[in-house]
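K.L.:
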Amino acid sequence: MPIKVLVAKPGLDGHDRGAKIVARALRDAGMEVVYTGLHQTPEMIVNAAIQEDVDVVGVSILSGAHMTIFPKIMDLLREREVDDIVVIGGGVIQEPDIPKLKEIGVREVFNAEASTQDLIDGIERIVAEYGRDRTRREAAGAS
Numbered sequence: 067m068p069i070k071v072l073v074a075k076p077g078l079d080g081h082d083r084g085a086k087i088v089a090r091a092l093r094d095a096g097m098e099v100v101y102t103g104l105h106q107t108p109e110m111i112v113n114a115a116i117q118e119d120v121d122v123v124g125v126s127i128l129s130g131a132h133m134t135i136f137p138k139i140m141d142l143l144r145e146r147e148v149d150d151i152v153v154i155g156g157g158v159i160q161e162p163d164i165p166k167l168k169e170i171g172v173r174e175v176f177n178a179e180a181s182t183q184d185l186i187d188g189i190e191r192i193v194a195e196y197g198r199d200r201t202r203r204e205a206a207g208a209s
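Residue numbers (this note's numbering): 67 to 209.
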């Protein structure tokens with residue numbers, strides 16, 4: 067079963083070319099990708115992640131609102147008792163904010179200099195380390 071990734075663009079950020087490039091690269095690497103489109107709220111992102119049964123939520127933020135959006139996403143996942151979806155981030159995120167994001171549960175932050183191969187390798191590593199028990203998930207899907 068391939069890794070399933072939700073690529074989300076929250077807030078008022080209207081630039082999604084990078085997110086689309088990432089989505090295509092992940093798909094080309096054999097991952098299943100769900101792209102939410104622009105102007106998503108944290109609630110919409112979490113609802114889509116649960117509904118689509120994803121392994122990873124990748125949040126692309128260029129607006130500088132990451133210190134508001136990520137905590138809300140993490141809080142909503144905790145409120146919904148979802149602890150098996152990995153959250154990662156990318157875009158324009160200041161270096162000093164990265165440790166703060168990791169403290170609240172964001173597993174990795176990829177800056178704008180990261181290559182698509184860096185993302186692919188990072189997602190595979192993160193899912194192997196923190197992701198769901200894929201054998202249990204596959205068995206549940208087969209019944």
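For glycine and all other residues, C-beta sits at the position ideal for the given N, C-alpha and C.
Out of curiosity, what's the CA-to-CA distance linking Gln183 and Val153?
P.N.:
18 Å
K.L.:
For the candidate residues Leu78, Val175 and Leu128, whose alpha-carbon lies nearest to that of Pro165?
P.N.:
Minimum Cα distance to Pro165 is reached at Val175.
K.L.:
Which value, in whole angstroms, describes the spacing of the CA atoms of Val122 and Lys70?
P.N.:
Roughly 6 Å separates the two Cα atoms.
K.L.:
On the DSSP bridge assignment, give the partners of Ser126 in chain order.
P.N.:
DSSP output for Ser126 lists Gly156 as bridge partner(s).
K.L.:
For Leu72, tell me which candidate among Leu78, Asp94, His105 and Ile116 has the shortest Cα-Cα distance.
P.N.:
Ile116
K.L.:
Check whether the stretch 123–142 touches the stretch 100–114, counting contact only when three or more Cβ pairs, one atom from each stretch, lie closer than 8 Å.
P.N.:
Touching, per the Cβ criterion.
K.L.:
From the DSSP output, in three-state form, read off Lys168 for me.
P.N.:
helix
K.L.:
Looking at the strands, I want to know which residues DSSP matches up with Phe176.
P.N.:
Gly156
K.L.:
Looking at the secondary structure, which residues open and close the alpha helix (DSSP H) in which Glu145 lies?
P.N.:
His132 to Glu145
K.L.:
Restricting to Cα atoms, I'd like to know which of Gly80, Gly156 and Pro68 is closest to Val99.
P.N.:
Pro68
K.L.:
Whose C-beta lies closer than 6 Å to the C-beta of Gly171 among residues of the same chain, with five residues either side of it excluded?
P.N.:
Met140
K.L.:
Please classify Gly157 as buried or exposed, where buried requires at least 16 neighbouring CB atoms within 10 angstroms.
P.N.:
Buried, because 16 or more other Cβ atoms sit within 10 Å of the Cβ of Gly157.
K.L.:
I'd like to know whether the C-beta atoms of Ser129 and Gly77 end up nearer to each other than 9 Å.
P.N.:
yes
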